[in-house]
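K.L.:
Residue numbers (the working numbering): 1356 to 1497. Every residue, glycine too, gets a C-beta built ideally from N, C-alpha and C.
(1) Using CA atoms only, rank isn't needed, just tell me which of 1374, 1360, 1379 is closest to residue 1430.
(2) Mapping DSSP to helix, strand and coil, what is residue 1371?
(3) Let me make sure I understand the geometry here. Which of 1418, 1480, 1384 has the alpha-carbon closest to that of residue 1488?
(4) Starting from the Cα of residue 1453, find the closest Cα among 1435, 1465, 1434, 1476 and give me that residue.
(5) What does DSSP give as the partner residues of residue 1466 in its beta bridges?
(6) Assign residue 1483 to buried or exposed, taking buried as 16 or more other Cβ atoms, counted over all protein chains shown, within 10 Å of its Cβ.
(7) Going along the chain, which residues of its own chain have a beta-carbon closer than 8 Å to the beta-carbon of residue 1493, five neighbours each way excluded?
(8) Can you tell me which of 1388, 1396, 1469 puts its alpha carbon nearest to the alpha carbon of residue 1462?
(9) Can you list, in chain order, the residues of its chain with a C-beta nearer than 7 Å to that of residue 1464? Leave out the 5 residues immediately preceding and following it.
(10) Residue 1440 lies in the alpha helix (DSSP H); which residues open and close that run?
(11) Report buried or exposed for residue 1434, applying the criterion of at least 16 other Cβ atoms within 10 angstroms of its Cβ.
(12) Less than 7 Å between the beta carbons of residue 1437 and residue 1458, yes or no?
(13) Could you give the C-beta distance for residue 1497 and residue 1392, rounded to a whole number, given that I count them as a contact under 8 Å?
(14) What number of angstroms, rounded off, separates the C-alpha of residue 1356 from the C-alpha of residue 1388?
(15) Using the rule of at least 16 other Cβ atoms within 10 Å of the residue's Cβ for burial, across every protein chain shown, is residue 1366 buried or exposed?
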């Protein structure tokens, strides 16, 4: 089976889940970054959200701030940074979800990987499908 490199956007909840536990699909998604079968896309505002949430006091008690920075630096090194020159807000119910959708549209991503599928209702009008980490892993054969 031939795979092409696919642009995706990872929602903050998936990143946090991966950092909380090594057991789930979110963690498998992060450790699959070196495979090159997909490329995460971020904008500066989305990356700042990743950092802000990951560093909330008590949220990731298993990791130090230095370890969180190391993971975020690695994720950023594997990501394409997108500049957003337009805003459709509000498009979705939650403005933070619009951050994710804007990056997905600009990067021509096929998937938004999230646990909150219902929050991205309507993203299919842009040719984007919201999928869970487990669904994405199946799609990509990771």
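P.N.:
So, from the listed chains and residues:
(1) 1374
(2) helix
(3) 1384
(4) 1476
(5) 1363, 1484
(6) buried
(7) none
(8) 1396
(9) 1362, 1363, 1364, 1396, 1483
(10) That residue, residue 1440, is in no alpha helix (DSSP H); it is neither H nor E in DSSP.
(11) buried
(12) yes
(13) 7 Å
(14) Residue confidence for residue 1356 is low, a pLDDT of 47 falling below 50, so the modelled location carries little weight; the figure read from the coordinates is stated next. Approximately 19 Å between the Cα atoms of the pair.
(15) buried
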